[in-house]
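Engineer: Using my numbering, the letters of the sequence shown map in sequence onto residues 147 to 214. Ideal placement from N, C-alpha and C gives every residue a C-beta, glycine not left out. Here's a structure for you.
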Amino acid sequence: ESYIGAVIRRFKYRQAVARHYIQVDESYIEAVTRRFKYTQAVARHDIQVDESYIEAVTRRFKYTQAVA
Numbered sequence: 147e148s149y150i151g152a153v154i155r156r157f158k159y160r161q162a163v164a165r166h167y168i169q170v171d172e173s174y175i176e177a178v179t180r181r182f183k184y185t186q187a188v189a190r191h192d193i194q195v196d197e198s199y200i201e202a203v204t205r206r207f208k209y210t211q212a213v214a
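As structure tokens, then:
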């Protein structure tokens, strides 16, 4: 029973943290997207690296949303 209580407390804490940081994550993704578009224009041969990086950031953002 105490284990279940600990899991629930940890989940509620993560929910609160995720809700608090959701705006930060959105602006962070916007910044990454801007940098990605700039990199696209400057160096087309690095496109795969930048795409996978944005995918990683998007996955982390979607996970944060799911936790919230």
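Going by C-alpha distance, which of Arg180, Glu176, Ile154, Ser173 is nearest Val213?
Structural biologist: The shortest C-alpha separation from Val213 is found at Ile154.
Engineer: Which of helix, strand or coil does DSSP assign to Ala214?
Structural biologist: Correct three-state label for Ala214: coil.
Engineer: Thinking C-alpha only, which one of Thr185, Arg181, Phe182, Ile175 is nearest Lys208?
Structural biologist: The candidate whose alpha carbon is nearest that of Lys208 is Ile175.
Engineer: At the level of alpha carbons, what is the spacing between Gly151 and Lys158?
Structural biologist: About 11 Å.
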